[in-house]
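Asker: Here the protein sequences line up with chains E and G, keeping their order.
Using numbering that gives the first Met the number 0, you'd call the opening residue of the first sequence number 0 and step up by one each time.
Using numbering that gives the first Met the number 0, you'd call the opening residue of the second sequence number 0 and step up by one each time.
Just dropping this structure here.
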Amino acid sequence: MTELVDVVLGGTFHAAVLFLVAAGLQLVFGVQKIVNLACGSFYALGAYFGITAVGLAIKLGMPPVLFLPVLVVAGLVIGLVGLPIERVLRTIYRRDESYQLLITFGFLLMFQDVFRYLWGATPRTMDNVYLAYGSAQFLGVRVPTYNLLVIAASLAIAVGLGLFLERTKIGRIVRATAENRDMAEGLGVNASKIFALVFTVGCMLGTVGGALVVPSSAASLDMAVELVVESFAVVVIGGLGSMRGALVGALVVGLMRAAAISLVPEMEMLSVYLVVVLVLIVRPAGLFGKAAA
Amino acid sequence: MLDLSNLKVDIEGSRILNGIGLSVAAGELVCLVGRNGAGKTTTFRSIMGYRRARSGSISFEGADLTKLPTWRIAQRGIGFSPEESEVYTDLTVAENLELSTWTRPTGRAATARIEEAYTVFPKLRQYLARGGGQLSGGERKMVSIARALTLDPKLLLLDEPFEGLSPAIIPLIAEGIGSIRAMGKGVLMAESNVHHIPDYVDRIYVLERGEMMFSGTLAQAHRDRDVMRVIAGQIEVVS
Ligand SMILES: Nc1ncnc2c1ncn2[C@@H]1O[C@H](COP(=O)(O)OP(=O)(O)OP(=O)(O)O)[C@@H](O)[C@H]1O
Ligand SMILES: [Mg+2]
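Next comes the structure, spelled out in structure tokens:
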């Protein structure tokens with residue numbers, strides 16, 4: 000029983016972070032129709048910048064309980080790099096998909112060098128945050144309080160994003176632009192502005208995800224590519240372009256991985272990709288994807 | 000209000016509009032008539048800035064539109080309802096109509112603008128909460144025209160508002176367009192079937208293979224043999 004709770008909590012924690020990155024990927028794909036491979040770099044960028052921000056907070060003598068909000072703010076601030084990157088991507092929106100993949104892949108590679116240059120090649124860790132939040136009793140299992148807070152934060156972001164897209168004026172304009180950009184412009188929508196907004200929000204989802212995860216693991220050069228691979232599993236399972244798909248896909252991937260790690264650790268990614276292959280065979284459009292017309 | 004002069008538009012290297020001129024005065028209802036492929040949609044899409052003119056001018060209230068992005072053209076007060084309606088399926092009917100009130104705030108309250116659209120097409124009230132994907136072709140057309148109207152425009156561009164609709168619904172749309180004109184708004188509508196031209200139009204233009212071959216009243220057009228040969232040609236063959 001405790002083992003099950005352990006797996007579920009560990010899996011949900013991983014899913015919470017994965018969801019943020021995948022949601023960014025889905026949002027950008029839904030509106031701009033580009034598959035952004037650089038989403039993994041945003042995640043790593045958030046992690047590295049989070050370490051720097053917490054380091055600064057420690058220097059300023061901030062109490063450890065404030066570290067979580069510091070990380071969230073750090074993620075949001077560094078997410079603004081999405082703005083200049085979108086300006087570059089803007090030139091290829093109407094190009095062939097292969098160009099788009101190549102250019103976002105190019106960003107992924109360039110970011111690797113930027114990380115190496117700024118933060119060095121050895122992984123950077125930070126455990127002062129993790130320890131500062133202590134642990135809590137949950138269904139008879141001791142779990143790090145920090146993990147529960149991250150799950151709660153991710154859930155809040157999911158709900159907030161959903162409400163934004165469903166209920167607000169801008170959210171509806173975003174959905175209209177996603178469905179039919181030309182018509183939106185014909186009705187007075189400045190689609191370039193919407194694109195810049197969406198890309199920046201998508202980027203922030205990734206950087207906040209990275210910033211939130213770093214206290215529990217490390218910031219490393221491998222994490223960007225690792226996350227791209229996992230996000231793709233999430234997107235294939237959930238369906239490209241669907242927010243609900245990102246949520247369910249992230250849970251499936253997170254829980255599968257946690258279960259595999261506890262049962263047969265060597266099969267960690269294999270188990271995830273078994274699900275991916277199964278979904279591709281049975282439901283090629285993913286669980287929540289719109290079937291290709 | 001709207002003036003096109005000597006407008007030339009090419010698509011993929013071939014000349015589609017060959018120096019056409021056209022004007023719509025404030026409050027006027029003008030019909031652009033032409034057979035399939037004559038260039039009506041191309042004219043509308045050029046006015047809206049989706050296509051760039053090779054040469055010639057398009058001006059609206061004295062300002063040049065040819066270099067403006069589409070969204071700015073719309074914000075100047077031109078409401079566009081395209082041939083395929085293009086109603087948002089991911090939004091409800093009510094949200095489709097509200098959208099244009101957010102993108103172009105004018106002195107008039109959004110509620111008043113939306114209310115006005117419902118008086119033009121009273122049937123729409125029944126579908127408010129319905130998704131844009133759950134509508135018939137005629138209902139979609141009404142939403143599309145109503146959405147152009149909630150922009151609170153000075154001019155509406157309606158591309159073939161009767162095309163493909165059942166005979167039962169055509170009078171409803173025609174009535175709606177009549178009441179839009181009665182509000183004092185300018186309307187430029189495209190039509191390929193001469194028998195669908197509402198008798199209350201002020202003037203018509205006849206477009207044939209990218210050239211404007213006639214401009215005048217509907218009655219004058221009916222007396223012009225060349226015009227009738229072009230726009231009523233298909234019907235004469237049948238009868
Ligand atoms: N995207 C395009 N690529 C190539 N040719 C095009 C394109 N769009 C229009 N054309 C050509 O331009 C000409 C005018 O087309 P347009 O759609 O403006 O005609 P229309 O008068 O609106 O016809 P319809 O009554 O069928 O709607 C046609 O010969 C058409 O084949
Ligand atoms: Mg047409």
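Just so it is clear, CB atoms sit at the ideal spot from N, CA and C, and this is done for glycine as well.
Computed from a prediction, not measured in an experiment: that's the story for all the values here.
Name, going along the chain, the residues of the region 29-55 of chain G whose beta-carbon falls closer than 7 Å to a beta-carbon of chain E.
Answerer: M47 and Y49
Asker: Count the other C-beta atoms from every protein chain shown that fall within 10 angstroms of the C-beta of E/M0, then say buried if there are 16 or more, exposed otherwise.
Answerer: The residue labelled residue 0 of chain E in the question sits at position 1 within the first sequence. The residue is exposed, with fewer than 16 neighbouring Cβ atoms inside 10 Å.
Asker: When you compare each of G/G12, G/I15, G/I19 and G/R14 to G/N5 by their alpha carbons, which one comes out closest?
Answerer: As a working note, residue 5 of chain G is residue 6 in the second sequence. Of the candidates G/G12, G/I15, G/I19 and G/R14, the one whose C-alpha sits nearest the C-alpha of G/N5 is G/I19.
Asker: On the DSSP bridge list, what partners appear for G/R14?
Answerer: As a working mapping, residue 14 of chain G is identified with position 15 in the second sequence. Bridge partners of G/R14 according to DSSP: G/D9.
Asker: For the region 94-126 of chain G, which residues have a beta carbon sitting closer than 7 Å to at least one beta carbon of chain E?
Answerer: If the cut-off is 7 Å between Cβ atoms, the region 94-126 of chain G has E94, L98, S99, W101, T102 and R103 near chain E.
Asker: Nearest-angstrom Cα distance between E/V224 and E/V274?
Answerer: Residue mapping note: residue 224 of chain E aligns to position 225 of the first sequence, counting from 1. Residue mapping note: residue 274 of chain E aligns to position 275 of the first sequence, counting from 1. Each residue's alpha carbon lies about 20 Å from the other.
Asker: Is there a Cβ from chain E that is less than 8 Å from the Cβ of G/Q133?
Answerer: Translated into the one-based positions of the second sequence, residue 133 of chain G becomes position 134. Answer no: the Cβ-Cβ gap between G/Q133 and chain E never drops below 8 Å.
Asker: At which residues does the alpha helix (DSSP H) containing G/R224 begin and terminate?
Answerer: Position 225 of the second sequence, counted from the first residue, corresponds to residue 224 of chain G. Residues R224 to I230.
Asker: Cα-Cα, which of G/D225, G/V229, G/S22 and G/P160 is closest to G/P197?
Answerer: On the second sequence, residue 197 of chain G is found 198 positions in, with the first residue counted as 1. The residue with the shortest Cα to Cα distance from G/P197 is G/P160.
Asker: What does DSSP give as the partner residue(s) for G/R202 in the beta ladder?
Answerer: Counting from 1 along the second sequence, the entry for residue 202 of chain G is found at position 203. Beta-bridge pairing links G/R202 to G/V29.
Asker: Quick one: is the Cβ of G/A110 within less than 7 Å of any heavy atom of ligand 2?
Answerer: Residue numbering aside, residue 110 of chain G sits at position 111 when the second sequence is read from its first letter. In the sequence as presented, Ala is not what sits at residue 110 of chain G; that position holds Thr. G/T110 Cβ: outside cutoff for every heavy atom of ligand 2.
Asker: Based on Cα-Cα distance, which residue from G/L134, G/L171 and G/F59 lies nearest to G/L90?
Answerer: Sequence index remark: in the second sequence, residue 90 of chain G carries index 91 (1-based). Looking at the Cα atoms, G/L134 is the closest of the given residues.
Asker: Would you give the residue range spanned by the alpha helix (DSSP H) that E/F287 belongs to?
Answerer: Numbered from its first residue, the first sequence carries residue 287 of chain E at position 288. It is not in any alpha helix (DSSP H) - E/F287 carries neither H nor E in the DSSP assignment.
Asker: Report the rounded CA-to-CA distance for G/L164 versus E/G170, giving the unit in angstroms.
Answerer: Along the second sequence, read from residue 1 onward, the residue named residue 164 of chain G stands at position 165. Along the first sequence, read from residue 1 onward, the residue named residue 170 of chain E stands at position 171. Between the alpha carbons of G/L164 and E/G170 lies a distance of about 33 Å.
Asker: Mind checking which residues open and close the alpha helix (DSSP H) that includes G/E94?
Answerer: As a working note, residue 94 of chain G is residue 95 in the second sequence. Looking at the DSSP string, the run of the alpha helix (DSSP H) that includes G/E94 is V92 to T102.
Asker: Under a three-way DSSP split, which group does G/G183 fall into?
Answerer: Reading the second sequence from its first residue, position 184 is the one you call residue 183 of chain G. Of the three classes helix, strand and coil, the one that applies to G/G183 here is coil, per DSSP.
Asker: Counting by C-beta, which residues lie closer than 7 Å to a heavy atom of ligand 2, in chain order?
Answerer: The answer, residue by residue, is G/K39, G/T40, G/E82, G/D158, G/E159 and G/A189.
Asker: Check whether the region 233-246 of chain E and the region 148-168 of chain E touch, using three or more Cβ-Cβ pairs below 8 Å as the test.
Answerer: yes
Asker: Against G/L154, what residues of chain E qualify as contacts under a CB-to-CB distance less than 8 Å, listed in chain order?
Answerer: For the purposes of this step, residue 154 of chain G is identified with residue 155 of the second sequence, where counting begins at 1. Within chain E, no residue comes near G/L154; the closest Cβ sits about 13 Å away, beyond 8 Å.
Asker: Under the rule that 16 or more other beta-carbon atoms within 10 Å means buried, what is G/S13, buried or exposed?
Answerer: Within the second sequence, numbered from 1, the residue matching residue 13 of chain G stands at position 14. G/S13 comes out exposed.
Asker: Counting pairs of Cβ atoms below 8 Å between the region 169-185 of chain E and the region 36-49 of chain E, do you hit three or more?
Answerer: no
Asker: Between G/L90 and chain E, is there a C-beta pair that is closer than 8 Å?
Answerer: Here residue 90 of chain G corresponds to residue number 91 of the second sequence, with the count starting at 1. Closer than 8 Å to some Cβ of chain E, the Cβ of G/L90 qualifies, so yes.
Asker: So, with DSSP's three-state summary, where would you put G/L134?
Answerer: Residue numbering aside, residue 134 of chain G sits at position 135 when the second sequence is read from its first letter. In the three-state scheme derived from DSSP, where H, G and I count as helix and E and B as strand, G/L134 is classed as coil.
Asker: Under 8 Å, do G/K39 and G/G33 count as touching if we go by C-beta distance?
Answerer: On the second sequence, position 40 is the one that residue 39 of chain G refers to. On the second sequence, position 34 is the one that residue 33 of chain G refers to. It is a contact, given that the beta carbons lie within the stated cut-off.
Asker: Looking at G/G36 and ligand 1, is the gap between the Cβ and the nearest heavy atom below 7 Å?
Answerer: Here residue 36 of chain G is taken as the residue at index 37 of the second sequence, counted from 1. Checking every heavy atom of ligand 1 against the Cβ of G/G36, one is found closer than 7 Å.
Asker: Determine the extent of the alpha helix (DSSP H) in which G/R44 is found, giving its start and end residues.
Answerer: Here the question's residue 44 of chain G lines up with position 45 in the second sequence. Segment K39 to I46, the alpha helix (DSSP H) holding G/R44.
Asker: Using 7 Å as the cut-off, classify the Cβ of G/E11 as near or not near the heavy atoms of ligand 1, replying yes or no.
Answerer: Here residue 11 of chain G refers to the residue found at position 12 when the second sequence is read from its first residue. Yes, since a heavy atom of ligand 1 falls inside the 7 Å radius drawn around the Cβ of G/E11.
Asker: Could you tell me which residues DSSP puts in a beta bridge with E/S230?
Answerer: Here residue 230 of chain E is taken as the residue at index 231 of the first sequence, counted from 1. DSSP output for E/S230 lists no bridge partner at all.
Asker: Suppose the cutoff is 7 Å on Cβ atoms and the five residues either side in sequence are ignored; what does the same chain contact list for E/L220 look like?
Answerer: For the purposes of this step, residue 220 of chain E is taken as the residue at position 221 of the first sequence. Once the five neighbours on either side are set aside, the close Cβ partners of E/L220 are Q111, F114, R115 and A120.
Asker: What residues from the region 166-178 of chain E come within 9 Å of chain G, judged by C-beta to C-beta, listed N to C?
Answerer: K168, I169, R171, I172, R174, A175, A177 and E178
Asker: Distance, Cα to Cα, G/G215 vs G/H195?
Answerer: The residue labelled residue 215 of chain G in the question sits at position 216 within the second sequence. The residue labelled residue 195 of chain G in the question sits at position 196 within the second sequence. So the alpha carbons of these two residues sit roughly 17 Å apart.
Asker: Assuming E/G184 and G/T41 make a contact with CB atoms under 8 Å, what is their CB distance in whole Å?
Answerer: In the first sequence, counting from the first residue as 1, residue 184 of chain E sits at position 185. In the second sequence, counting from the first residue as 1, residue 41 of chain G sits at position 42. With the sequence shown as reference, residue 184 of chain E is identified as Glu, and Gly is not the correct amino acid for it. About 17 Å; that fails the 8 Å criterion.
Asker: With 16 as the cutoff for other CB atoms within 10 Å, does G/Y87 come out buried or exposed?
Answerer: By 1-based counting over the second sequence, the position of residue 87 of chain G is 88. Buried, by the Cβ-count rule.
Asker: Check for me: the alpha helix (DSSP H) holding E/A301 runs from which residue to which?
Answerer: Outside the displayed range of chain E (0 to 292) lies residue 301 of chain E, so it cannot be described from this structure.
Asker: Taking the continuous beta strand (DSSP E) assigned at G/F59, which residues delimit it?
Answerer: In the second sequence, residue 59 of chain G corresponds to position 60, counting from 1. Note, G/F59: beta strand (DSSP E), S54 to F59.
Asker: To the nearest angstrom, how far is the alpha carbon of E/A135 from that of E/L148?
Answerer: Mapped onto the first sequence, residue 135 of chain E falls at position 136. Mapped onto the first sequence, residue 148 of chain E falls at position 149. Straight-line Cα distance between these residues: approximately 11 Å.
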